[in-house]
Amino acid sequence: MSFERVALISDIHGNLTALEAVLADISARGIQRIINLGDTAGKGPRGEDAVARCREVCEVNVRGNWDDFLPGIPDDGPPEMIWWRDELTSASRAWLSETPLSVDIEMSGRRIRLFHASAESPHVRVHFHHTPEEFAAMFENTDMTGDGPVPDVVGYADIHDAYIESVDGRTLFNVGSVGNPLDEPTPSYVILEGGSSASDPFSVQFVRVPYDIEAEIAVAEELGMPMRDVWAVELRTAVFRGRQS
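Once you know that position 194 of the sequence shown is 205 in my numbering, the rest is easy, because the numbers rise by one and skip nothing.
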């Protein structure tokens, strides 16, 4: 029986220290397939470095809400947004704008759909406490996801709050955040494991990887990043204080 594992990461937000810790854990487990569910840059100090690493190691990078709007921030936009925009190279901004909005994979006879925030848009948020209608809409085909078989499993990101829920044979899970977790201060990612046959077992595993939070805060201080005081509070406490997530 042959099994495959895929690591799902998301919401790095320019936190290179956390990203490297998570990538080291993935590598130590011998996992070679990595899919990034978006929001690679913005909020943190090293978006360009995070983009470069994800372009290097990730099989697919899905576009998040920050990836979508940050490249288009105008010159008269908020100063912190301009800082995060200009911290990226023009090539990275263009690349982020062209990443796909949704991707489907198959494991153990299940169609697994992966996107950043919802099946409608990377800007439409679905929280942990959602309605039955919001749950059902996550499994629908839309202009964003395209046509084809509807998924049995949906994984998403955006809310920085890891969880899993199954209803009527369908499973919805959130991978949490690598660089800006808001459920606890420890980065989260997910491992999917399954086989090529519908008779093979399938699993969703959540992994928490500690890292040096103070080292990351020191980088933001050294670079003079705007809103670094807010960033420090969020990293230390997992309490949301900022403008966007």
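Note that CB positions come from ideal geometry on N, CA and C, so glycine has one too.
{"Asked": "With a threshold of 6 Å on Cβ separation, who are the neighbours of G120 within its own chain once the five nearest residues in sequence on each side are excluded?", "Found": "A209"}
{"Asked": "Taking the alpha-carbon positions, what's the R2 to V189 distance?", "Found": "Any answer about residue 2 is impossible in this case: the structure gives the chain only from 12 up to 256."}
{"Asked": "Can you give me the C-alpha to C-alpha distance between I269 and R124, rounded to a whole angstrom?", "Found": "In this structure the chain extends from 12 to 256, so residue 269 is not present and cannot be described."}
{"Asked": "Count the other C-beta atoms from every protein chain shown that fall within 10 angstroms of the C-beta of H127, then say buried if there are 16 or more, exposed otherwise.", "Found": "buried"}
{"Asked": "Check the C-beta distance from A168 over to D50 and give it rounded, since I have them as a contact under 8 Å.", "Found": "7 Å"}
{"Asked": "Can you name, in chain order, every residue of its own chain whose Cβ lies under 6 Å from the Cβ of C65, other than the five neighbours on each side?", "Found": "N47, T51, N72"}
{"Asked": "Checking 8 Å against the spacing of the C-beta atoms, do N185 and E245 come in under that value?", "Found": "no"}
{"Asked": "Hey, does E98 have any beta-carbon neighbour from chain D nearer than 8 Å?", "Found": "Judged by its chain identifiers, the structure shown contains no chain D, having just a single protein chain."}
{"Asked": "Hey, L34 and V68: beta-carbon distance below 8 Å or not?", "Found": "yes"}
{"Asked": "Report the option in D154, A173, A231 whose CA atom is closest to the CA atom of P111.", "Found": "D154"}
{"Asked": "Taking DSSP as the reference, what is the three-state secondary structure of G83?", "Found": "helix"}
{"Asked": "For M149 and R96, I'd like the C-alpha separation in whole angstroms.", "Found": "30 Å"}
{"Asked": "Nearest CA to the CA of V215: which residue from I45, E225, T182, E233?", "Found": "T182"}
{"Asked": "Going by DSSP, what residues sit across from R176 in a beta bridge?", "Found": "The sequence given here has Glu at residue 176, not Arg. The partner list for E176 (beta bridge, DSSP) reads L183."}
{"Asked": "Measure from the alpha carbon of F139 to the alpha carbon of each residue in I170, V165, D158, K54, then state which is nearest.", "Found": "I170"}
{"Asked": "Starting from E232 and walking both ways along the alpha helix (DSSP H), at which residues does that stretch end?", "Found": "224–234"}
{"Asked": "Nearest-angstrom Cα distance between M30 and Q43?", "Found": "Note that residue 30 is Leu in the sequence shown, not Met. One C-alpha to the other measures close to 16 Å."}
{"Asked": "With W106 and P237 assumed to form a contact (beta carbons below 8 Å), what rounded beta-carbon distance in angstroms separates them?", "Found": "About 23 Å separates the two Cβ atoms, so there is no contact after all."}
{"Asked": "Is it the case that the Cβ atoms of R260 and I224 are separated by a distance below 8 Å?", "Found": "With the chain running from 12 to 256 in the structure shown, residue 260 is simply not present."}
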